[in-house]
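Colleague: In this note's numbering, the protein residues as written are 53 to 667.
Can you keep this structure in mind? I'll have questions shortly.
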């Protein structure tokens, strides 16, 4: 009616089962006469949950009514042409903080306006996320050498931690002033990485991850160069405090030559956590499937005898959406199912932490990832995440669920509360006649009627039964201090014209190594990140395959393959070598070029290993 305001917003603040659900109806102005509204509330499958009426008195801009008691879940409320979303959370809060298995990617500086950050952090905590994965731009944080401006990021970190969230911070690519054409995207002088990482660690996040998917970047970096960067940054973190934050290896996108070369450079000894990412194959039809990357990474860790916990620091699903458009109801349900299945399967595979990608609204290249919609309202996946974390508790995986009908997948967890929690699902409906003495809950945490058979379907179910008291958690691996020899970092340096080909494509075919001519001069930079000077003897390892390596003249105490130098504390000394390819060396075939080093007490410095080939 002309001159009469219209309904503008329907909202229900976040709350738990057992607390009142207060529906706020807001107009776009003050009512000129009593404004009557009829509303309908539906669940995540579109089934009507309740209806009601509200009246906004003349002269008011809104009113609040209390909804009837509803089970936990995700709900839509509709009135006139307005739709609101809200989450009714399980009554029992989840385990949060550093002991939690569950995390969320946030990238708050890019995705969360400062005015929303506190409520956003509270929403993640209430959902049961114990960890958030965040980061800041190194170029913005250090615009000039030694000039730091981290105040905004430090405030974000304090806000996140004030809401009970543990923070995994991520190092970004280096600023332009620190790089050369040959070093891109890494600093040419690794002492910048050491100092910057040490600065970040001083802000006391719970963990620092040394980079994000360096294996699929669009630069000319290589696994050996990145390994040297990882060592330098890790030393900066570990030297920042007597009990420093956790050092997390780069989040690797996929197994392959880049990661293999990093591991050959012995980066594991510098880290506390092994990290990787995994996404479903977007070309597969139907709902997303848990990626094989998890099994590949666990096998790789076993092969390298890496006694580290494995964290899946990105796990998400590709839900196609046009910019400015919401997911369809079917996509929302598929996302909610996959949140549960991916978290459960990741923990069952042996992952120590699972980080969903992503929490805030995030639309990237035609794909929507967030647990919240474009207006920061909860999607069904948000409520599914909350049910998962509430019901699983400590989420200690104990094994596959036994005695299930064909076609049903099931996983048993110890909640840490004297309960066994079995999570089940099936591609097609399968009746489960026996739930024992357990209580069954649906994907959103709604308790199902007792004494009746339940049906496993694509929507995961939880069956909670009493169990023996929980087993005390295993003692954590002691974090040994790095030795003086481990504070020496070797980094191979080639000119820009020798850069490895095809690194602008993470799936590039071999060869992957530096592209050399018949005679190539290169340098091994020897960094001393310790607090005392050391004499270091650098040795070229045999290459074979028609290749030779010789130290160049110009240093005292020099042999044909070895050079002894003195490196001051905090210093860097370059040792020059000549690499020659004989006529028998095949073209475009990678060979390993390795350098070792020892201190005068015969302790061994971790090796530097690169790939080279004859162009």
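We treat Cβ as the ideally placed atom computed from N, Cα and C, and that holds for glycine.
The model shown is predicted, which means the values in this text are computed figures rather than measured ones.
DSSP three-state call for residue 372: helix, strand or coil?
Modeller: Position 320 of the chain shown, counted from the start, is the residue given in the question as residue 372. It is a strand residue.
Colleague: Can you give me the C-alpha to C-alpha distance between residue 397 and residue 448, rounded to a whole angstrom?
Modeller: Your numbering for residue 397 matches position 345 in the chain shown. Your numbering for residue 448 matches position 396 in the chain shown. Straight-line Cα distance between these residues: approximately 12 Å.
Colleague: When the distance is taken between beta carbons, is residue 285 closer than 8 Å to residue 246?
Modeller: Residue 246 sits at position 194 when you count from the first residue of the chain shown. Residue 285 sits at position 233 when you count from the first residue of the chain shown. Cβ atoms of residue 246 and residue 285: closer than 8 Å.
Colleague: Looking only at its own chain, which residues have a Cβ that is under 6 Å from the Cβ of residue 305, when we skip the five neighbours before and after it?
Modeller: On the chain shown, position 253 is the one that residue 305 refers to. 265, 267, 268, 329, listed in sequence order.
Colleague: Tell me whether the stretch 646 to 653 and the stretch 251 to 262 touch, counting them as touching only if at least three CB pairs, one residue from each stretch, are closer than 8 Å.
Modeller: Not touching, per the Cβ criterion.
Colleague: Using a Cβ-Cβ cut-off of 7 Å (strictly less than) and excluding sequence neighbours within five positions of residue 409, which residues of its own chain qualify?
Modeller: By 1-based counting over the chain shown, the position of residue 409 is 357. These residues qualify, in order along the chain: 157, 366, 367, 368, 421.
Colleague: Under the DSSP definition of a beta bridge, which residues are partnered with residue 183?
Modeller: Here the question's residue 183 lines up with position 131 in the chain shown. DSSP, once it has assigned bridges, lists 155, 218 as partnering residue 183.
Colleague: Comparing C-alpha positions only, which one of 589, 386, 277, 287 sits nearest to residue 545?
Modeller: Numbered from its first residue, the chain shown carries residue 545 at position 493. Each of 589, 386, 277, 287 was checked against the Cα of residue 545, and the nearest Cα belongs to 277.
Colleague: Going straight from the alpha carbon of residue 176 to that of residue 483, what length do you get?
Modeller: Within the chain shown, the letter at position 124 stands for residue 176. Within the chain shown, the letter at position 431 stands for residue 483. CA-to-CA, the gap between residue 176 and residue 483 works out to about 34 Å.
Colleague: Could you have a look at residue 596 and say whether DSSP puts it in helix, strand or coil?
Modeller: For the purposes of this step, residue 596 is taken as residue 544 along the chain shown, with counting starting at 1. In this structure, residue 596 counts as strand in the three-state DSSP scheme.
Colleague: Below 8 Å, how does it come out for the stretch 166 to 174 and the stretch 213 to 222: are there three or more Cβ pairs, yes or no?
Modeller: yes
Colleague: Would you decide whether residue 652 is buried or exposed? Buried here means 16 or more other CB atoms lie within 10 Å of its CB.
Modeller: Taking the chain shown and counting its residues from 1, one reaches residue 652 at position 600. The residue in question, residue 652, is exposed, as its Cβ has fewer than 16 Cβ neighbours within 10 Å.
Colleague: Tell me where the beta strand (DSSP E) around residue 668 begins and ends.
Modeller: This structure gives no information on residue 668, because the portion of the chain shown stretches from 53 to 667.
Colleague: Is the beta carbon of residue 590 sitting closer than 8 Å to the one on residue 601?
Modeller: Looking up residue 590 in the chain shown gives position 538. Looking up residue 601 in the chain shown gives position 549. No; because the gap between Cβ atoms is not below 8 Å, this pair is not in contact.
Colleague: Could you tell me which residues DSSP puts in a beta bridge with residue 107?
Modeller: Walking along the chain shown from the start, residue 107 turns up at place 55. Per DSSP, 88.
Colleague: Counting C-beta neighbours from all protein chains within 10 Å, is the total for residue 199 16 or more, i.e. buried, or is it exposed?
Modeller: Reading the chain shown from its first residue, position 147 is the one you call residue 199. Looking at its Cβ environment, which holds fewer than 16 other Cβ atoms inside 10 Å, residue 199 is exposed.
Colleague: If you draw a straight line from the C-alpha of residue 118 to the C-alpha of residue 372, how long is it?
Modeller: Mapped onto the chain shown, residue 118 falls at position 66. Mapped onto the chain shown, residue 372 falls at position 320. Looking at the two C-alpha atoms, the distance is approximately 36 Å.
Colleague: Got a sec? Which residues, its chain only, sit under 6 Å from residue 608 by beta carbon, not counting five neighbours each side?
Modeller: The count along the chain shown starts at 1 and reaches residue 608 at position 556. Low local confidence applies: a pLDDT of 49 at residue 608 is under 50, so the model's placement there is unreliable, and no value is given.
Colleague: Spatial neighbours of residue 349 within its chain, please: CB distance less than 6 Å, with the 5 preceding and 5 following residues excluded, ordered by chain position.
Modeller: By one-based count along the chain shown, residue 349 stands at place 297. For residue 349, where only same-chain residues beyond five positions count, the Cβ hits under 6 Å are 328.
Colleague: Taking a contact to mean a Cβ-Cβ separation below 8 Å, would you say residue 92 touches residue 105 in this structure?
Modeller: Residue 92 sits at position 40 when you count from the first residue of the chain shown. Residue 105 sits at position 53 when you count from the first residue of the chain shown. Result no, Cβ atoms of residue 92 and residue 105 do not sit closer than 8 Å.
Colleague: Does DSSP put residue 366 in a helix, a strand or coil?
Modeller: Along the chain shown, read from residue 1 onward, the residue named residue 366 stands at position 314. Residue 366 falls in the strand class under three-state DSSP.
Colleague: Spell out a yes or no on whether the stretch 290 to 306 and the stretch 314 to 327 are touching, meaning 3 or more CB-CB pairs, one atom from each, closer than 8 Å.
Modeller: yes
Colleague: If we require 3 or more residues per run, which beta strand (DSSP E) segments fall completely within the stretch 209 to 258?
Modeller: Complete beta strand (DSSP E) runs here, min 3: 218 to 222.
Colleague: First and last residue of the alpha helix (DSSP H) that includes residue 507?
Modeller: The residue you call residue 507 lines up with position 455 of the chain shown. Careful: residue 507 lies outside any alpha helix (DSSP H), inside the beta strand (DSSP E) at 506 to 508.
Colleague: Would you mind reading off the limits of the beta strand (DSSP E) that contains residue 330?
Modeller: As a working note, residue 330 is residue 278 in the chain shown. Where residue 330 is concerned, the enclosing beta strand (DSSP E) stretches over 326 to 330.
Colleague: Between which two residues does the alpha helix (DSSP H) containing residue 281 stretch?
Modeller: As a position in the chain shown, residue 281 is number 229, starting the count at 1. First-last of the alpha helix (DSSP H) with residue 281: 275 to 290.
Colleague: Can you find the residues in the same chain that come closer than 7 Å, C-beta to C-beta, to residue 139, ignoring five residues on each side of it along the sequence?
Modeller: Here residue 139 is taken as the residue at index 87 of the chain shown, counted from 1. These residues qualify, in order along the chain: 66, 126, 430, 434, 435, 438.
Colleague: Can you give me the C-alpha to C-alpha distance between residue 495 and residue 513, rounded to a whole angstrom?
Modeller: Taking the chain shown and counting its residues from 1, one reaches residue 495 at position 443. Taking the chain shown and counting its residues from 1, one reaches residue 513 at position 461. Taking the straight line joining both Cα atoms gives about 6 Å.
Colleague: Quick check on residue 63: does DSSP put it in helix, strand or coil?
Modeller: Taking the chain shown and counting its residues from 1, one reaches residue 63 at position 11. Of the three classes helix, strand and coil, the one that applies to residue 63 here is strand, per DSSP.
Colleague: Return the chain-ordered list of same chain residues with a C-beta closer than 8 Å to the C-beta of residue 614, the five sequence neighbours on each side being excluded.
Modeller: Mapped onto the chain shown, residue 614 falls at position 562. Beyond the five residues adjoining it in sequence on each side, residue 614 comes within less than 8 Å, by CB distance, of 589, 590, 591, 592, 603 in the same chain, given in chain order.
Colleague: Below 8 Å on the Cβ atoms is my contact criterion, and I expect residue 465 with residue 450 to pass it. Report the Cβ-Cβ distance as a whole number of Å.
Modeller: Here residue 465 is taken as the residue at index 413 of the chain shown, counted from 1. Here residue 450 is taken as the residue at index 398 of the chain shown, counted from 1. The C-beta distance from residue 465 to residue 450 rounds to 6 Å, short enough to fall under 8 Å.
Colleague: Determine the extent of the alpha helix (DSSP H) in which residue 36 is found, giving its start and end residues.
Modeller: With the chain running from 53 to 667 in the structure shown, residue 36 is simply not present.
Colleague: Throw me the rounded Cβ distance for the residue 561 and residue 641 pair, which I believe falls under 8 Å.
Modeller: Position 509 of the chain shown holds residue 561. Position 589 of the chain shown holds residue 641. Not confirmed; about 13 Å, so no contact.
Colleague: Quick one: what's got a C-beta closer than 6 Å to residue 401's C-beta in the same chain, skipping five residues either side?
Modeller: The residue given as residue 401 occupies position 349 in the chain shown. Closer than 6 Å at the Cβ level, and outside the excluded window around residue 401, lie 346.
Colleague: Would residue 83 and residue 108 be called neighbours here (beta carbons separated by less than 8 Å)?
Modeller: Here residue 83 refers to the residue found at position 31 when the chain shown is read from its first residue. Here residue 108 refers to the residue found at position 56 when the chain shown is read from its first residue. Against a cut-off of 8 Å, the Cβ pair of residue 108 and residue 83 comes out as a contact.
Colleague: So, does the stretch 379 to 391 touch the stretch 133 to 149, judging by three or more C-beta pairs under 8 Å?
Modeller: no
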